[in-house]
Amino acid sequence: MIWGLSALTLVCLAVLGEALTFSRPLAHEPPRHTRRRRDSWAIKSNFMACKSPVSPKELKVLDANTYETGFHGDDGFTFSLTWIGDGTGVILVLSTVSAPLESFYEGGSTRLYRSEDYGKSFHDISHAINNSFIKKDFGICAGSGNSQQVILIAELPTTHNPGGVIFTSVDSGVTFKLVQLPFHPAQPISFHDQNQECLLVIGTDSGLWLSQDFGNNWSKIHDGVYSFTWGPGNTLFFSYGPENTVDADKQGELFLRRTRDLGRTFTTISQNIFTFGHIGGFLFTSVMEKQGSPRVIYVSSDQGDNFNKALLPTASSEQFYSLLDGDEDMIFIHVDSPGDNSYFGTIYTSDDRGILYSKSLERHLFGMERKSDFTNVTSLRGVYLTNVLEEDGRITTVITFNKGGEWRPLRKPENVECGKDVKRCNLHIHGEHSHYIGISPMVPLTDSAAVGLIIAHGNVGDSISASKPDVYVSSDGGYNWICTLRGPHYYSILDSGGLLVAVETHKDRPVNVIKFSTDEGQCWKTYNFTTQPFFIAGLASEPGSKTMNISVFGYRPDDDDQPMWVAVTIDFEQLLTRECGDEDYVEWLAHSDNGETSETVGCVLGYKETFRKLKMMSVCRNGRGYVVSRQHTPCPCTREDYMCDYGYYRHENSSECVAQEDLIDKTLENCLKLGELHTTGYRKIPSDKCEGGFSPPRRMDESEKHCGNSSKDSPSSHHHQRTDEVWLQIVISVCVGIVVLAVIVAVAVTARRENYSQRSTAYHFSALQLHEDEPCIAPESGPSSNRVSYQEDSDDELIE
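Each number in this note's numbering comes from the position in the sequence shown (counting from 1) with 101 added on.
Right, here's the structure in full:
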């Protein structure tokens, strides 16, 4: 993620903030006095009433638990921070000099600092790595979960050294072991998420290198590798070039291989691929069926044993697409609308096989540099936020509470008002697109342990505003919001949602105040955390939301006008000393609103969820042992449990699924592709658990008439040659004349299908959005998580 903070650039290198890199500017902007116009809306008079400084007693506690560290260095160095393990309190900070490689060994230096108390104090341990120069872009790689393993990758000129050097540690950086490599790493080292001894990386020689003893010994398992990704267990997928070489011109001729025994044996599962990806339970390939032909997507739900061609409606060869999110049951995919630089398209959702796709949202914004505002609200099941580009050019925010089944605008918060000239007054959230162009310093933040909580930048009106956003908070998963802080901030969720912290960000002045809330943003207290303000670069906390320590990072001009990096760590655990008890929690029914009571209130994706949630007025701490408690109750089926099937879509403000006119003439072609295509216009949302209730009406349509007696395809997983394997089973029960007629019909249908294949639409396959800032730190595995890999292939650069 990139913060637009003057010339300062803050790059997030890892999922959930596990690694941060700060690049110091050469000089800060001089102060500028500007007047901020807010003609579009006005905050109610009571908005600022619930803010106050800390009490004298609180001030004394916070002062005693606030720790400041200054990091001196030469101009132009970068500052990288990485958390090691879970609950260890260990942070490694790496400062590197921005200089040509040749000068690294002529006075250039790397400084490595270590903290084992959550950033309260740091010690220079550069001697532990022989003062070696460590790569500044992906030099620190850490194991997932509670692992104490860490790897540092040294920077060596490849022209003078046959192999690289790494430093390995198994004690969270207390000691390091130097290992000479037979290759130079070209990317971060990837950890196996279950066997931390197993490491994988692509070298500058395009070889895929494997270690099974935590980096002590390495073996090349394949040549000419473009990209790889971990699968379940010991499964590994990777693409490689013809004749084991890497040639950009040959990317459409790549092979996809799978190994289930860490490289002892291989199976080629696809060929003529351009790129591939793995998300949730699905493996995707972008295939060039003939040299120079458009690309098409094939998907496998059995780890590559079988592939099926994805049915995505109406896409031309010039269109861009990207996988937005996915789990074991379904995926979201964006397909651009026709036209160069349209910056919008359509979101489709898949069936549980990843083959059939239904239109979920039109005019979905996919802005400059392919930045999407699509956000998975992990604090509540089934909730996603994103922005759409209206026909008049306005950008507006929509939300779904049932996994893309329906989308609606966000409600206006009660404590703000729009201006008189605003016809439609809604809340609009600033996502990755606004963040990229420098309007918003942070994207929306949620955490699965903080049930229903969302904190985000936004504005109210009829569209997203280009002026500075304010901070908004929702405590119920996006149904209702409050405007909680004026202006842009860095913010963080601590203590599983029991504590929120925020710091203002300004381009033109330093800051010395942190704000914190114990009631989900309803009220805030302020604390001066330093006597010498500095320019804020961001907040850093342990991955997840269980910690109560927060570090504020930034820089301030030193006495000789040379900027100096500063880290201030505040321990709130000593302020909130009381552990929460049963009396501090309340039963909360998710997806319920305004006290409504009926059989279907709270029913989403087929069942209700009742959580044990902390009361807003309780000032206590959940603690590290806090576990989200929930109860499930099944619900009867309604229309909301169904999505529109392939070839159907919902009109705005309607629950009826109607046929998509541009697909009516393609039902025969599509049924030939799948063998059978029975539809009523509806299909149950994957993972929906509803029972009884609404059942879509049965009806016979043209696709059923034509497809009723057709056999299903048996797709080839190796060559995708479906057009050469058309088998039409015809039941002959009458005279020879009918048999002849049936044969003629079969030949005609086969020819038509071959023509359909020749004019198949192409879908540009890009690297998953989850991989845009791919870390070398593996996230915790789970049923809907994807393992860390290095999959940087993308068709993005081919889009003019």
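Where is the CB? At the ideal position from N, CA and C, for every residue including glycine.
Every value quoted in this text rests on a predicted model; they were computed, and no experiment measured them.
Within the DSSP secondary-structure output, Cys736 pairs in no beta bridge. Note: Ile370 is not bridge-paired with any residue in the DSSP secondary-structure output.
Runs of the beta strand (DSSP E) spanning 3 or more residues and lying entirely within the stretch 468 to 519 occur at 485 to 490, 496 to 501 and 517 to 519, in chain order. Contiguous beta strand (DSSP E) elements confined to the stretch 254 to 305 occur at 266 to 270, 278 to 281 and 300 to 303, taking only those with 3 or more residues.
Assigned with DSSP and collapsed to three states, Cys151 falls in helix. Distance from Gly274 to Arg215 at the Cβ level is roughly 5 Å; contact confirmed, criterion being Cβ atoms closer than 8 Å. Just so you know, the alpha carbons of Asn317 and Cys299 end up roughly 11 Å apart.
Of the other Cβ atoms in all chains shown, 16 or more fall within 10 Å of the Cβ of Leu457; this residue is therefore buried. Between the stretch 682 to 692 and the stretch 705 to 724, the count of Cβ pairs shorter than 8 Å is three or higher; the stretches touch. Between Phe338 and Phe329, the CB-CB gap stays under 8 Å. Between the C-alpha atoms of Glu643 and Ser227 there is a straight-line separation of about 23 Å.
When C-alpha distances from Asn613 are compared across Ile565, Asn650 and Thr670, the shortest belongs to Thr670. Taking a cut-off of 8 Å for Cβ pairs, the stretch 737 to 750 and the stretch 713 to 728 do not touch, as fewer than three such pairs fall below it. Here DSSP, grouped into helix, strand and coil, assigns Tyr656 to strand. In this structure, Tyr743 and Leu715 do not form a Cβ contact; the two beta carbons are roughly 35 Å apart against a cut-off of 8 Å. Apart from sequence neighbours up to five positions away, the residues of its chain that approach Lys785 with a beta-carbon distance below 7 Å are Asp742 and Tyr743, ordered along the chain. Taking 8 Å as the cut-off, the Cβ atoms of Arg471 and Ser423 count as close. Residue state for Asp187 is assigned as coil, using DSSP reduced to three classes.
Between Ser788 and Leu676, the C-beta spacing is not below 8 Å. With 16 or more neighbouring CB atoms inside 10 Å of its own CB, Asp596 falls in the buried class. Here the alpha carbon of Val266 sits roughly 8 Å from the alpha carbon of Leu257.
In this structure, the CA atom of Lys161 is about 14 Å from the CA atom of Thr631. Going by DSSP, Tyr537 is part of the alpha helix (DSSP H) stretching over Glu533 to Tyr537.
By the CB criterion at 8 Å, Gly381 and Asp428 fall inside the cutoff.
Closest in C-alpha terms to Leu528, from the list Trp508, Gln623, Thr497 and Met543, comes Thr497. Inter-residue distance for Ser320 and Gln295 is about 20 Å (C-alpha atoms, whole angstroms). With a threshold of 16 other beta carbon atoms within 10 Å, Arg365 falls short and is exposed. In this structure, Trp666 is the residue among Ser593, Asn650, Trp666 and Glu621 with its C-alpha nearest to the C-alpha of Pro634.
In the structure shown, the three-state DSSP call for Leu600 is strand. With a cut-off of 8 Å on Cβ pairs, the stretch 178 to 187 is in contact with the stretch 644 to 659, counting three or more such pairs. Residue burial is scored here from C-beta neighbours: Met543 has at least 16 other C-beta atoms within 10 angstroms and is therefore classed as buried.
Residue state for Pro570 is assigned as coil, using DSSP reduced to three classes. Scanning the stretch 422 to 464 for uninterrupted beta strand (DSSP E) segments of 3 residues or longer gives 422 to 427, 432 to 437 and 445 to 451, listed from N- to C-terminal end. Nearest neighbour of Gln297 by Cα position, chosen from Val347, Ala243, Glu344 and Gly304, turns out to be Ala243.
Residue nearest to Pro263 within the set Val400, Asp306, Thr336 and Ser593 is Asp306 (criterion: CA-CA distance).
Between Ile192 and the set Tyr219, Thr734 and Lys410, the nearest pair of CA atoms involves Tyr219.
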